[in-house]
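Some notes on the structure that comes next.
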Amino acid sequence: MTIRVVPTLPPALLTAVCALAMLGVAAIPRPIGAQPAPVRSGAAPRTFTITGVVRDSASGEVLPNARVGLVSSPRAIQTNADGRFALLGVPSGPQTLRVQYVGYASRLLALRADTVTGPLSVILTKAVVRLSTATVRSATDQSPTVVAIGRDVSVQSISTAQVEAMPSIGEADVFRTLQMLPSVAGAGNGGASLSVRGGTPDQNLVLLDGITVYHVDHFFGLFSAFNTDALKDIQLYAGGFPARYGGRVSSVIDLTGKAGDEHHFRASGGASLLSARGVVEIPLGRGSLLLSGRRSYTDVIKSGLYSKLFDFARQGSSAQTQAPVGFGGGGRRGGGRFQQAQVDPSFYFYDLNAKLTYRPSSKDVATVSVFRGLDNLDQSQSVGGGFSRFNPAAPTGAPTGATPTLNDLTIAENMGVSGRWFRQWSSRLSSDLIVSSSQYTSDGNRTASGGLPNGGARFNFGFTETNTVDDQTVRLENIIDLAAWSRLEFGVWGTRNSVTYQFAVGGTTDTVQSRRNTVRNGEASTRAVYVQHKWTPVSAVDLTTGVRSTQYDATGATFVEPRLSAGWQVTPSLRFKGAWGRYHQFVNRVENEDVLQGSRDFWLLADSTLRPQGSTHVIAGVLYERPAWALNIEAYDKTLENATLFSRRYRQAFGVNTGSFFFTGDGRARGLEFLLEKKRGNVTGWAAYTLMKATNRFDEVDGGRAFPSSLDQRHELKGFVSWQLGKWDLSAVGVYGSGRPYTAPIAQYQIKLLDGRQQTYVNVSDKNSQRLPSYQRADLAASRIFETKGSFDWRVGLSLYNILNRRNVSFRKFDLSTDPIVITDVSQLGFTPSIDVKLTWRAQRERVTEIDR
């Protein structure tokens, strides 16, 4: 497959981009290190450029997105993808350099810019490093931030160490930790999916080493698909994200995998009540190889925790299955039901990560990353019973000697690979080229088949569903530091998507024929070019302007997305910030609404009928930051155009083409967020509160009136606290959320068909007019590292999830066979304890290096 990346900006704007790029290249000085910056006419003081790289003290891993700046100035920069930085405009004379990275102790480095002779290698240490019986903290600046509140609007980071410390279900999980931030809903249906500021999970762009990941969970959504042990950097852009990102309308979650130790062999392994995992880091001279894997053993050993999670994940069915009923437009058809039968399901999941890093020169880095994950659930069985039980068309008195077989298999698989080449052309110019390919496949097969004795008629009932998403992407990103007050970013992005969705329902007998619908098949390409400029006219003010232009060949339209953000450092502690931007999305996951039997989701490409989604973000915020604590407040207003709803209950005809079940509307989400963080001392943590209102509107639904979004949650309050008590790390989590909306059936009626059978239909309430009860939960966790005299360390962690055994309602089931209707609350997980053990082997103990030049 050939991917063509074609600039699509208007000629005048394209000319401006090229001119800015040429200006930046012409302004690049050839030497690197601490060289005098060009002095403008009339400028008396000499200034210098300080370059370097930020690394982890234990493994030597480079640390992207570390913050570097002078203590005497509010201006700061971030390290690039290879952990490098170039701080321009450093005055001569004594200066103090501050380097910060989430989860690490900050460093204050005293130096003279005019005496630095080359690039610096700045070594950062984990916020707390245990050596033998001593606890060593940074000797210069104790500010071990646990969650980094971005100076830029709506940017937050979480350290992987913080993920491990968080109370969990079974094992540490990245997405469940992100749910504790104010921008992400944490009081949902008990899963690990991310709803950011009222957006749906598919509206998040999830990247792993440049690979676009479409299926981001395991175990029916209870866990994320990412192994924390294989991750290094976690960035959340909750809104107003920069021009280099596109293709989504809500947020960006950018994950960077570990590269591995380039000097020493390292290995670790762990196990929980659900799965086992391991990581191996192999030095290769000028590079490294990291291999990691995680697999559940739930198909071999079914622990009590597994049974509890499985029962909840299967919507409270207690591991029982019921074969499909008859299918009618918008309701259930009487008769033709299978009997319920106890089944012992076979289930497992796994994920694999590999990353090869090679440094051919001091300016080049080449990496290859591979990711694969799979979920497999098999509930197939043989069920005793007669033919007439399973065939709604069977004549009265038909033989009952058949033994049907129920095939019930669900498979979800992720595969992805990326190749990256990073080049530091000079201290001011760098380029990053990423080529990636990913595929997500979901297969569901739930059918019953059998036949009568003595070669009688055979039957086959049920449904099959297949959804495949292919993604091939090429990205080229460039950064030019034109001056200390001017940074230019520009690049191109090309993506080729192929999406297939097929759904077959019904069956075949002598009198009943199957009905098969191919909802959508399609291919489409997006070709984008972007440019972004960050300008600091004075040290306290920064202004970032950008534009992204995307051509989408499925509609033949070009989408121009201007973006703007600004910050004003009023005092050393007080900062105002804001952002505005336009965003579009071209591949969407659509909910197949089914009030009675549970909704399903599938991915589709936008086209001339299902138009690309569009969104406008308006965000304003204030950050008050002190050495020991910080308060961040942000308000946002998001609009959504061309929201898509797929529902059969608004079309009752059996043979109608499924394209008529799609409806297009709009939405809006408004909210106010508070995040208070304590950063120092033995007790650290944060508290977050969110006030939000999210609505949707479709002309065909409820008379065109706006209704609450399924993700609308007016109030959410959550907090996390971590306490270092001697050798123990203790933590606690508390979450409260007001009830979420849902649609409920309110009546049912029957129509007698021409063949004498009764067809049952269900009348439902207005869309999302009902509310579930409020959500409340408290968790506890404790962990300790046991060190040996050799190179082995043991870490043992205990988590107590939902210690108050609160029966939070996940959803409601409705039994329409009785009058009045019987409503059953399906609860989320109650009190759930779990334990996790991790063994780490190192070639040598960690050493703290102040600075290596």
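In the working numbering, the protein residues as written are 1125 to 1977.
Ideal placement from N, C-alpha and C gives every residue a C-beta, glycine not left out.
These numbers come from a predicted model, not from an experiment.
request  = Return the first residue and the last residue of the beta strand (DSSP E) that Q1280 is part of.
outcome  = V1279 to I1282
query = Would you call the region 1933-1946 and the region 1900-1919 in contact, with 3 or more CB pairs under 8 Å?
reply = As far as the Cβ criterion goes, the region 1933-1946 does not touch the region 1900-1919, which means the pair count is below three.
message = Just to confirm the assignment: which complete beta strand (DSSP E) runs, minimum length 3, are found wholly within the region 1542-1618?
response = 1553-1575 and 1582-1607, all fully within the region 1542-1618.
query = Is DSSP giving T1301 helix, strand or coil here?
reply = helix
Proximity of F1614 and N1204 at Cβ, strictly below 9 Å = no
message = Quick check on P1661: does DSSP put it in helix, strand or coil?
response = strand
inquiry  = Can you tell me whether G1345 is helix, strand or coil according to DSSP?
reply    = helix
key: Cβ neighbours of R1931 in the same chain (closer than 6 Å, five flanking residues each side left out)   = S1951
task = State the Cα-Cα distance for the pair D1326 and G1809, rounded to the nearest angstrom.
result = Distance from the CA of D1326 to the CA of G1809, rounded to the nearest whole angstrom, comes to 29 Å.
key: Where A1793 falls: helix, strand or coil (DSSP)   = strand
ask   = Are S1978 and T1597 close, meaning C-beta to C-beta below 9 Å?
value = The first residue shown for the chain is 1125 and the last is 1977, placing residue 1978 beyond what the model contains.
task = May I ask which residues mark the beginning and end of the beta strand (DSSP E) holding H1839?
result = Annotation: the continuous beta strand (DSSP E) that includes H1839 extends over H1839 to L1849.
task = Out of R1179, R1170 and L1233, state which residue places its alpha-carbon closest to the alpha-carbon of S1216.
result = Per the C-alpha coordinates, the member of R1179, R1170 and L1233 positioned closest to S1216 is R1170.
request  = Kindly list the residues whose CB is nearer than 6 Å to the CB of W1847, restricted to its own chain and excluding five residues on each side of it in sequence; keep chain order.
outcome  = For W1847, where only same-chain residues beyond five positions count, the Cβ hits under 6 Å are V1807 and L1854.
query = Quick one: what's G1402 bridged to in DSSP?
reply = In DSSP, G1402 forms a bridge with G1393 and G1417.
key: Where S1697 falls, given that 16 or more other Cβ within 10 Å makes a residue buried   = exposed
message = I want to see whether chain C comes within less than 9 Å of A1628, judged by CB atoms only; does it?
response = Looking for chain C here will not work: only one protein chain is present.
request  = State the Cα-Cα distance for the pair D1556 and V1192, rounded to the nearest angstrom.
outcome  = 21 Å
message = Would D1357 and A1349 qualify as a contact pair, given that the criterion is a beta-carbon distance under 9 Å?
response = No, these two residues do not count as a Cβ contact at 9 Å.
key: Reference T1768, options D1761, T1788 and E1758, closest by Cα   = T1788
message = Taking 8 Å as the limit between beta carbons, can you name the residues of its chain near Y1866, skipping five residues before and five after?
response = The beta carbon of Y1866 is closer than 8 Å to those of S1834, N1892, Q1894, R1895, L1896, F1935 and R1936 in its chain, skipping five residues each way along the sequence.
inquiry  = If distances are taken between C-alpha atoms only, which option among S1230, I1174, A1200 and L1221 comes closest to D1238?
reply    = Minimum Cα distance to D1238 is reached at I1174.
query = How close, in whole Å, do the beta carbons of S1392 and R1321 come, if the pair is a contact with beta carbons under 8 Å?
reply = In fact, because the Cβ distance is near 36 Å, the residues do not count as touching under 8 Å.
ask   = CB L1764 to CB N1712, shorter than 9 Å?
value = no
message = Taking a contact to mean a Cβ-Cβ separation below 9 Å, would you say L1796 touches E1758 in this structure?
response = yes
message = Starting from E1824, trace the beta strand (DSSP E) in both directions and tell me its first and last residue.
response = First-last for E1824: undefined, no H or E at that position.
inquiry  = One question on the structure: do T1529 and A1572 come within less than 9 Å of each other, judged by their Cβ atoms?
reply    = For T1529 and A1572, yes; Cβs fall inside 9 Å.
ask   = CB-CB under 6 Å to D1992, same chain, minus the five flanking residues each way: which ones, in chain order?
value = Past the edges of the chain, shown from 1125 to 1977, lies residue 1992, and the structure says nothing about it.
ask   = If you count every other CB in all the chains shown that lies within 10 Å of the CB of D1960, and 16 or more means buried, which is it?
value = Flag for D1960 reads buried.
request  = Taking 9 Å as the cut-off, decide whether the C-beta atoms of G1384 and E1601 are in contact.
outcome  = no
ask   = Since E1685 contacts G1702 with CB under 8 Å, what's their CB separation in whole angstroms?
value = Not really, about 17 Å apart at Cβ, beyond 8 Å.
query = A1190 by DSSP, collapsed to three states: which one?
reply = Here A1190 carries a coil assignment [DSSP, helix/strand/coil].
request  = Quick one: residues in its chain with C-beta nearer than 7 Å to the C-beta of N1766, no 5 flanking neighbours on either side, listed in chain order?
outcome  = R1735, P1736, Q1737, G1738 and T1788
One or two residues paired with Q1984 in a DSSP bridge = Absent from the structure is residue 1984, since the part of the chain shown begins at 1125 and ends at 1977.
query = Residues in its own chain within less than 6 Å of F1798 by CB, not counting five upstream and five downstream?
reply = For F1798, where only same-chain residues beyond five positions count, the Cβ hits under 6 Å are I1757 and Y1813.
inquiry  = Quick check on DSSP: helix, strand or coil for F1798?
reply    = strand
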